[in-house]
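Below is one structure; the comments refer to it alone.
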Amino acid sequence: MATFSRSSRQAPQWVRSKPFYSFATFAVLAFFFVVFVSFTPYPVSVPSSVASISTHSRDFLKQHINIEHIEHALHQEKPVTHDTDTSQKEYEDPLTTHHKVTSPQDAPTLEWDKPSHPRPSSYHEEQKEEESIAQHDDTPHEDSYQSGISPPRPVNAEPLAVHIPGVKAKHAFATFLVGADKAALNGTEDRYFIATRLLIYQVLHAKETRTNDKTTPFIVLVTDRVSEEQRERLRKDGAAVVQVPGVTAPWLKPLVPGWDDVLTKLRLYEFVDFERIAFLDVDTILAKPIGDIFDDPAVREQKTLPHEHQRMRGAIKEPDSYVFAGNAEHTREHHFPPTQDHRDWPNRHYLNAGFFVLKPDPYMLKYYMSVLNTPNSFVSDFPEQNLMNEIHSHGRNMPWLQLNTMYNIHYPTMEDIEAGAKTIHEKYWIGKPGPLRMWMEAKRRQMEGYYEAMDELASTSS
1 MATFSRSSRQ APQWVRSKPF YSFATFAVLA FFFVVFVSFT PYPVSVPSSV ASISTHSRDF
61 LKQHINIEHI EHALHQEKPV THDTDTSQKE YEDPLTTHHK VTSPQDAPTL EWDKPSHPRP
121 SSYHEEQKEE ESIAQHDDTP HEDSYQSGIS PPRPVNAEPL AVHIPGVKAK HAFATFLVGA
181 DKAALNGTED RYFIATRLLI YQVLHAKETR TNDKTTPFIV LVTDRVSEEQ RERLRKDGAA
241 VVQVPGVTAP WLKPLVPGWD DVLTKLRLYE FVDFERIAFL DVDTILAKPI GDIFDDPAVR
301 EQKTLPHEHQ RMRGAIKEPD SYVFAGNAEH TREHHFPPTQ DHRDWPNRHY LNAGFFVLKP
361 DPYMLKYYMS VLNTPNSFVS DFPEQNLMNE IHSHGRNMPW LQLNTMYNIH YPTMEDIEAG
421 AKTIHEKYWI GKPGPLRMWM EAKRRQMEGY YEAMDELAST SS
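According to the UniProt record's numbering, the stretch in the sequence shown is residues 1 to 462, in order.
Written out as structure tokens, the structure reads:
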């Protein structure tokens, strides 16, 4: 039987060398990395945080930054002027006298056609927890646009025509940030503030979602709860920050106490420099650009219907014309795009107040407030949403129009995004771990990497 010495079984000297082992280790790691990436179902690109102005930072800026847009004049909070003429003559309405509710026309239509809003208890509790953070100090900021009026405009102030100097665009995007008290946050991150920053980034800066018209501003309406530090951050991010007086009524009974302020978003009707404004709730995330929303047939101007029996009791005369386009709420188990009643929409005539397009008109806001000042004129558990649905009901004189359903999806899935949904209405911090949660978190990290790199570049240039 043949025998082998120990030396005869040894590998060649070059195989046993240190460089070979280093190369082999690298090759094995590279192989497993390629396999992992190949089988990742939803690959996403998440820029790392930038600790120093490195080559990575500069390359990232070259790929993503829109210097022209960042330096746009509207990025600074500017003084705002007001007109006292609200564009339509005050109308003495015979229906404003006290009356008894004797027919469905006299009462809120939503008592009959509002869909139910089932929510998992965990979601509902989280909503309450988030909104309870909104306990605050009511001291107003001196830099608000209302500081130009003496005394500052109070809650429910008379609607005025508001002008932002330097505006060149016909259209604008907008959102509304209520603000949270630092003590109530108790060291946790302000998620709605982060979501606002993400929305600004996606509309103005992100290559895959930004609007093509560089003159289109992004307006953030804020209350006095939003700190000066946060306002300055939003201005640096590219937004026009405007504090507005609140809109509310003592008889409202919102489902969540923190929803007392949601009607304040109606102050958008005062921004008369624009022909159309598209409003997006802060918990909206873009998958595609939406600049073409202003070309949607639903945003056309409509003549108000003349039917006396469809008018709202207690309200002043409706405006002669209006623009109001929205998106009906979807069910959790929906097709994309939604097409079927009851399967895709619980009620296709009931719009969601988180995504809509309007034409600014201070008189329209005055009309809204006349309805708001009539107790029990609408079901108030979802205050601004039900007020909009009541005024723009298909049984009233100013019915709303449905936008293309590709623009906004509720209860979204990755399948909706892959099929072409342009935006989703979802909080990045809510939902089960999975592809959609990863996708949303990736968008947030991309935003943070972009702004950190932008700040670093600005500091090295100064």
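Glycine included, each C-beta is placed from N, C-alpha and C at the ideal position. Keep in mind the model is a prediction, meaning the values are calculated, not measured.
So residue i packs on residue j, CB below 8 Å; how close in whole Å?
i    : j    : result
M369 : P319 : That belief does not hold up - the Cβ atoms of M369 and P319 are roughly 13 Å apart, past 8 Å.
Q310 : G395 : 6 Å
W400 : G326 : 5 Å
I277 : A174 : 5 Å
I290 : Y407 : 6 Å
L372 : L263 : 7 Å
N389 : Y350 : 6 Å
L358 : L268 : 6 Å
L266 : V247 : 5 Å
E308 : S321 : That pair is no contact at about 18 Å.
Please go through the same chain and pick out, in chain order, the residues whose beta-carbon is closer than 6 Å to the beta-carbon of residue i, but skip the five residues on each side of it.
i    : result
A157 : P245
T405 : P337, P338
L286 : Q202, T209, T423
L255 : D381
L252 : S380, P383
T215 : K168, A169
M454 : none
D190 : A180
H334 : D344
V226 : L177, G179
Taking the continuous alpha helix (DSSP H) assigned at residue i, which residues delimit it?
i           : result
Q243        : First-last for Q243: 240-243, but that is the beta strand (DSSP E), not the alpha helix (DSSP H).
residue 469 : Outside the displayed range of the chain (1 to 462) lies residue 469, so it cannot be described from this structure.
L204        : 191-204
I417        : 414-419
residue 463 : For residue 463 there is no data in the structure shown, the boundaries of the chain being 1 and 462.
Using the three-state DSSP reduction, which class does residue i fall into: helix, strand or coil?
i    : result
S459 : helix
V162 : strand
R444 : helix
F271 : strand
I53  : Below a pLDDT of 50, predicted positions are generally treated as unreliable, and I53, at 34, falls in that range; no measurement from the model is reported.
G326 : strand
A278 : strand
V262 : helix
V299 : helix
Q340 : coil
H394 : coil
L351 : strand
V309 : Position check: residue 309 holds His in this sequence, whereas Val was assumed. Of the three classes helix, strand and coil, the one that applies to H309 here is helix, per DSSP.
L252 : coil
W439 : helix
K207 : coil
F294 : helix
A169 : coil
P154 : coil
A315 : coil
R235 : helix
G449 : helix
P375 : coil
A184 : helix
P257 : helix
Pull up the DSSP beta-bridge partners for residue i, would you.
i    : result
I219 : A174, A240
T423 : L286
S321 : K303
Q230 : For Q230, which the question treats as bridged, DSSP gives no partner whatsoever.
I409 : I424
L401 : A325
W345 : D341
Go through its chain and collect everything with a Cβ distance to residue i's Cβ below 8 Å, but skip five positions before and after it.
i    : result
S461 : none
M447 : R197, L198, Y201, Q202, A206
P154 : P245
K427 : R191, A195, D283
Could you pull out every residue in the same chain whose Cβ sits closer than 7 Å to the Cβ of residue i, ignoring the five residues on either side in sequence?
i    : result
H410 : E329, H330, N352, H425
K288 : T209, K422
P41  : Confidence is the limiting factor: at P41 the pLDDT is only 45, short of 50, which leaves the residue's position unreliable, though a coordinate-based value still follows. Excluding residues within five positions, the ones whose Cβ falls inside 7 Å are P435.
R332 : Y411
S459 : none
Starting from residue i and walking both ways along the beta strand (DSSP E), at which residues does that stretch end?
i    : result
F356 : 355-358
Determine whether the Cβ of residue i lies closer than 8 Å to any Cβ atom of chain B.
i    : result
E418 : Of the protein chains in this structure there is only one, and it is not chain B.
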